[in-house]
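Below you'll find the structure, written out as C-alpha cells, and then a few comments.
Here is the structure:
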C-alpha cells in the first residue's frame with residue numbers, strides 16, 4: 014500500500030464514521046417530525062440493517078463529488094445517508110429466503126435471521142421510504158429544485174428501471190442464463206444505477222451545470238462497471254472469510270458473469286480500461302479530482 | 014340507495030376508471046424516461062397488483078379535495094395514482110407468507126401466488142419507489158414546492174411513523190394484545206395515515222392556505238378512523254363472498270379491535286360521531302364540499 018492509498022483509505026474511513034453518526038441520529042428511538050411513535054422493533058431492525066460496518070462507498074461518492082463541484086458538505090452528507098438507506102434496504106430484501114436466502118452479511122446474521130422475516134420486509138420498506146423523507150426534509154438545506162431532482166433521480170435509480178429491476182433480472186438469470194448484453198444490462202441496473210446516482214447526486218447537491226452533472230454521471234457509470242467487474246473477480250478468487258459472506262455463489266448457481274464468459278485476463282484488462290476512462294472523465298477538474306480518481310482505483314482494487 | 018348516493022357511487026366509479034387508465038399508462042411495457050428496460054415479469058406483477066378492481070378511494074379523495082380548493086385535476090390524478098401505487102404495494106407485502114399469508118385479494122390470487130414470492134417483494138418495492146418518481150416527474154405539473162411537500166408528506170404517511178410502522182404494530186398485536194390507546198395508534202398509522210395524506214395531498218395540489226391544508230388533514234383523520242371502524246364492523250358481520258377475502262380473521266387471531274372491545278352499539282355510535290365531525294370540518298366550504306361529505310358517509314356505510 015503506497016502513501017496515497019493509505020491516505021485515501023483513512024479519508025474513506027473517516028467519512029464512513031460521519032455517515033454512521035448521521036444514520037445513528039436519523040434512526041434513533043425518538044419519534045421525529047410529528048410521528049406518533051416509532052415502533053421499537055422495526056426501528057431497531059432498520060438501525061441494525063444500516064449500521065452494519067459497510068464501507069459507505071456510495072455516500073463517500075456523493076460527498077466527494079459534491080466537494081469537487083463546491084457543494085455543501087452537510088447537505089451532501091444527508092443525501093449520502095439517504096442513499097445508504099436505499100442500499101441497505103436492498104441488501105435486507107435481497108437476503109430474504111424468497112430471494113438470495115443468505116444468513117450472513119458481513120459476518121453477522123442477516124436481518125430476517127436476527128429479527129424475523131416480516132420485520133425484515135418492513136425494515137426494508139421503511140428504509141426505502143425514509144430515504145425520500147430525508148432528502149425532502151427541511152433539514153436538508155438545498156433549493157427545492159435540487160431536492161426534487163435528487164428525488165426523481167433516486168427513484169429512477171432504485172426502481173423498476175434501476176436497482177429493483179436489476180434484481181428481477183438477476184433472479185431470472187438463475188433460470189435462463191442471459192447473453193452478454195443481458196449481463197451488461199442486469200449489472201448496470203442492479204449495482205450500477207445506485208453508484209451512478211451517487212456521483213450524479215453530488216453534482217446536483219452542488220448545483221452543477223448540466224455538463225458537469227453529465228460528466229459525473231458518466232464517471233459513475235464507469236466506476237459502477239468497475240465495481241461489478243471487481244465483484245465478479247472477487248467472487249471467483251476470494252474466500253468467505255475475507256468477504257464476510259458466501260463466495261463462489263454466482264458460479265455455483267450458474268449465473269453468467271462477464272468474467273466467467275471471457276476469462277480472468279480479459280476481466281483484468283476491462284477493469285483497467287474502465288478506471289482509465291473514469292479518470293479521463295475527471296481531466297477537466299485536474300488536481301481537484303484526485304480523491305475521486307483514487308476512489309475509482311480503490312473500487313477496482315478492493316479486496317472485499 | 015337514494016338518488017344522492019347513486020350519483021356519488023357513479024362519480025366514484027368514473028374516477029376509478031380514470032385512475033386505472035392513468036395507472037395503465039404508467040405501468041405499460043414501454044420503458045420510460047431513459048430506463049434501459051422494464052423487466053417484463055416485474056412490470057406485469059406491478060400492473061397485476063395495481064389494476065385489481067379496487068374502489069380507488071384514496072385517489073378519489075385526492076382529486077375531490079383538490080377540486081374543492083381549485084386545484085388542477087390532471088395533477089391531482091397523477092398524485093392520486095402515485096398514492097394508489099403506495100396503497101397497492103402495501104397490500105402486496107401485507108399478503109406475503111411472512112406477513113398475513115393471504116392467498117386471495119378481491120377474489121383473485123394474491124401477487125405471490127399469481128407470480129412468486131420474490132417477484133411480489135420486488136413488485137411492492139418497485140411500486141413504492143415509483144410513487145415518488147410519479148410525483149417528482151416533470152409530467153406532474155405543479156410548483157417544485159408543492160411536489161416536495163407531497164414527497165415529504167407521503168414518505169411520512171407511508172414510513173415507520175405511518176403505514177409501515179402501523180403494520181409492524183399490527184404484527185406485534187398478534188403476540189400481545191394492545192390496550193385501547195395502542196389500538197388507536199396502530200389504526201391511525203396502518204390505515205389512517207394514507208387516507209389522511211389523500212385529503213391533505215388534495216390541498217397541497219391546490220396550493221391551499223395552511224388553514225385549509227390543516228382542515229383537510231383533520232377531515233382525513235376523521236374519515237380514516239371511520240374507515241377503520243367500518244372495516245372492523247365488516248370483519249365481524251360480513252362474509253368472505255362479499256368482501257372477496259377471508260373475514261373474521263382479526264377476531265380469530267385474537268387481534269383487539271375497538272369493536273370487539275366496546276361492542277357493536279358503541280362502534281355504530283362512534284362511527285356516526287366521526288362522520289359528523291368530518292362533515293363539521295367541511296362547514297366553511299358549504300355546498301362545494303358536498304362530494305367530500307358524501308365520501309365520508311360512503312366510507313362509514315360501505316358494505317365491502
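Chains as they are written, first to last, in the numbering used here: chain S, 14 to 317; chain C, 14 to 317.
Glycine included, every Cβ here is placed at the ideal spot set by N, Cα and C.
Beta-carbon contacts of residue i that lie in its chain and below 6 angstroms, excluding the five residues immediately before and after
i: residue 155(C); result: 88
i: residue 179(S); result: 199, 202, 203
i: residue 135(C); result: 55
i: residue 35(C); result: 90, 94
i: residue 287(C); result: 235, 238, 239
i: residue 83(S); result: 219
i: residue 300(C); result: none
i: residue 291(C); result: 232, 235, 236, 309
i: residue 277(C); result: none
Contact under 8 angstroms by Cβ, residue i with residue j
i: residue 5(C); j: residue 233(C); result: This structure leaves residue 5(C) out entirely; chain C is present only between 14 and 317.
i: residue 48(S); j: residue 195(C); result: no
i: residue 105(C); j: residue 214(C); result: no
i: residue 38(S); j: residue 97(S); result: no
i: residue 138(C); j: residue 169(S); result: no
i: residue 312(C); j: residue 243(C); result: yes
i: residue 52(C); j: residue 190(S); result: no
i: residue 50(S); j: residue 92(S); result: no
Alpha-carbon to alpha-carbon, residue j and residue i
i: residue 265(S); j: residue 187(S); result: Low confidence applies here, because residue 265(S) scores a pLDDT of 49, under 50, leaving its location unreliable and the question unanswered by this model.
i: residue 162(C); j: residue 77(S); result: 28 angstroms
i: residue 209(C); j: residue 272(C); result: 22 angstroms
i: residue 57(C); j: residue 41(S); result: 38 angstroms
i: residue 293(S); j: residue 235(S); result: 11 angstroms
i: residue 143(C); j: residue 159(S); result: 19 angstroms
i: residue 298(C); j: residue 211(C); result: 18 angstroms
i: residue 197(C); j: residue 73(S); result: 42 angstroms
i: residue 71(C); j: residue 206(S); result: 32 angstroms
i: residue 281(S); j: residue 305(S); result: 21 angstroms
i: residue 241(C); j: residue 283(C); result: 11 angstroms
i: residue 223(C); j: residue 164(C); result: 17 angstroms
i: residue 167(C); j: residue 17(S); result: 45 angstroms
i: residue 119(C); j: residue 108(C); result: 12 angstroms
i: residue 260(S); j: residue 249(S); result: With a pLDDT of 49 at residue 260(S), under the threshold of 50, the predicted position of this residue should be treated as unreliable, and no value is reported.
i: residue 245(C); j: residue 127(S); result: 33 angstroms
i: residue 270(S); j: residue 285(S); result: 17 angstroms
i: residue 221(S); j: residue 307(S); result: 22 angstroms
i: residue 172(S); j: residue 45(C); result: 12 angstroms
i: residue 289(S); j: residue 80(C); result: 56 angstroms
i: residue 251(S); j: residue 315(S); result: 11 angstroms
i: residue 192(C); j: residue 66(C); result: 35 angstroms
i: residue 151(C); j: residue 157(C); result: 10 angstroms
Same chain only: Cβ atoms within 7 angstroms of residue i, ignoring 5 sequence neighbours per side
i: residue 68(S); result: 25, 29
i: residue 101(C); result: 62, 63, 140
i: residue 60(S); result: 40
i: residue 122(C); result: 116
i: residue 113(C); result: 107
i: residue 216(S); result: 78, 82, 225, 226, 229
i: residue 254(S); result: Since pLDDT at residue 254(S) reaches only 49, below the 50 mark, its modelled position is unreliable, and the value read off the structure follows with that caveat. Within the same chain, residue 254(S) has no close Cβ partners at all.
Proximal residues to residue i (C-beta, below 8 angstroms), its chain only, five neighbours per side dropped
i: residue 110(S); result: 125, 130
i: residue 149(S); result: 160, 164
i: residue 21(C); result: 304, 307, 308, 311
i: residue 132(C); result: 54, 55, 58, 124, 125
Interface partners of residue i on chain C, CB under 8 angstroms
i: residue 39(S); result: Neighbours of residue 39(S) on chain C: none; closest Cβ ~11 angstroms, over 8 angstroms.
i: residue 198(S); result: 49, 50
Partners in chain C for residue i, counting only beta-carbon separations shorter than 7 angstroms
i: residue 146(S); result: 165, 168, 169, 172
i: residue 135(S); result: 177, 180, 181
i: residue 130(S); result: 111
i: residue 150(S); result: 165
i: residue 161(S); result: 149, 157, 160, 161
Contacts that residue i makes with chain S (C-beta to C-beta distance below 7 angstroms)
i: residue 154(C); result: Per Cβ cutoff of 7 angstroms: no residues; residue 154(C) is ~13 angstroms from chain S at best.
i: residue 106(C); result: 134, 138
i: residue 202(C); result: 49
i: residue 56(C); result: 173
i: residue 184(C); result: 131
Amino acids of chain S, ordered along the chain, whose beta-carbon sits closer than 9 angstroms to that of residue i
i: residue 158(C); result: 157
Contacts that residue i makes with chain C (C-beta to C-beta distance below 9 angstroms)
i: residue 143(S); result: 168, 172, 173
Per-residue contacts from residue i into chain S (C-beta, under 8 angstroms)
i: residue 44(C); result: 174
Closer than 9 angstroms at the beta carbon, the chain A residues around residue i
i: residue 59(S); result: As a matter of chain content, chain A is missing from the structure shown, whose protein chains are S and C.
Taking only runs of the beta strand (DSSP E) that begin and end inside the stretch 179 to 236 of chain S, which ones reach a length of at least 3 residues, in chain order? With a minimum length of 3 residues, no continuous beta strand (DSSP E) run stays inside the stretch 179 to 236 of chain S.
Which parts of the stretch 113 to 177 of chain C are runs of the alpha helix (DSSP H), unbroken and 4 residues or longer, counting only runs that do not cross its ends? List check, alpha helix (DSSP H) in window: 124 to 127, 130 to 149, 157 to 171.
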